[in-house]
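Enquirer: My questions all concern the structure below.
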Amino acid sequence: MRVRPCALIIERNCVLTMKYRYGGADVYALPGGNPDPGESLSEVIIRELREELGIETEVDQLVLCGEVIGGDERKDALHAVFIVHMVAGLPQLNPEHTSAVSIEWLSINELDTKHLYPNVGQAVRAYLEGMLRGVYLGKIDQPYVE
1 MRVRPCALII
11 ERNCVLTMKY
21 RYGGADVYAL
31 PGGNPDPGES
41 LSEVIIRELR
51 EELGIETEVD
61 QLVLCGEVIG
71 GDERKDALHA
81 VFIVHMVAGL
91 PQLNPEHTSA
101 VSIEWLSINE
111 LDTKHLYPNV
121 GQAVRAYLEG
131 MLRGVYLGKI
141 DQPYVE
């Protein structure tokens, strides 16, 4: 199982996402990525957001954690979602480091209406409303676009 740390950046009740096109559908991902050897989870987030979005960040607390079971064709992944604060720069895509087509700020209310990766829109809302008990979500039901 691979580990994918990602950032939950919230400004004015909106969440920073990276929009991708897969199989003709829009997929919105929380920014993050895969660790290089020897990297901590917070180091991965700082590096990935610097490379892909050109921003400097500070990693705060782990707020959500859960597995996506990939099935026969995809690797299983443990997603670790951290609150992250932008401390310098404005997000801009760097096409040398990402295949995302745009940056999208999604309102908290529309998170569970979009194809989000990882599929944690409802959990993010519950966390922000103080209704989430615990960090571990267990298995995340992740629909895939072919």
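Per the UniProt record's numbering, the very first residue in the sequence shown carries number 1; after that it's consecutive.
The beta-carbon is built from N, C-alpha and C at its ideal position, and this holds for glycine as well.
Run through DSSP, which three-state label would glutamine 142 get?
Expert: Reading the sequence shown from its first residue, position 142 is the one you call residue 142. Correct three-state label for glutamine 142: coil.
Enquirer: Which residue wins for smallest C-alpha separation from proline 118, given the options His85, Gly138, Arg133?
Expert: Working through the sequence shown from its first residue, we reach residue 118 at position 118. The candidate whose alpha carbon is nearest that of proline 118 is Gly138.
Enquirer: Less than 7 angstroms between the beta carbons of leucine 62 and phenylalanine 82, yes or no?
Expert: Within the sequence shown, numbered from 1, the residue matching residue 62 stands at position 62. Within the sequence shown, numbered from 1, the residue matching residue 82 stands at position 82. The answer is yes: Cβ separation under 7 angstroms.
Enquirer: For leucine 30, which option in Val124, Tyr144, Val145 has the closest C-alpha, if you only look at C-alpha atoms?
Expert: For this step, residue 30 is matched to residue 30 along the sequence shown. Nearest of Val124, Tyr144, Val145 to leucine 30, Cα basis: Val124.
Enquirer: Across the stretch 86-98 and the stretch 22-29, are there enough close Cβ pairs to call them in contact, namely three or more that are closer than 8 angstroms?
Expert: Cβ pair count under 8 angstroms is below three, so no.
Enquirer: Which value, in whole angstroms, describes the spacing of the CA atoms of leucine 16 and leucine 128?
Expert: Locating residue 16 in the sequence shown gives position 16, where the first residue counts as 1. Locating residue 128 in the sequence shown gives position 128, where the first residue counts as 1. Roughly 15 angstroms separates the two Cα atoms.
Enquirer: Where are the alpha helix (DSSP H) runs, 4 residues long or more, that stay fully inside the stretch 5-62, in chain order?
Expert: Counting only runs of 4 or more, we get 41-53.
Enquirer: Among the residues of its own chain, which have a CB less than 6 angstroms from the CB of proline 35, if the five just before and after it don't count?
Expert: Sequence index remark: in the sequence shown, residue 35 carries index 35 (1-based). For proline 35, where only same-chain residues beyond five positions count, the Cβ hits under 6 angstroms are Val44.
Enquirer: Which value, in whole angstroms, describes the spacing of the CA atoms of tyrosine 22 and valine 101?
Expert: The residue given as residue 22 occupies position 22 in the sequence shown. The residue given as residue 101 occupies position 101 in the sequence shown. Tyrosine 22 and valine 101: Cα-Cα distance of roughly 11 angstroms.
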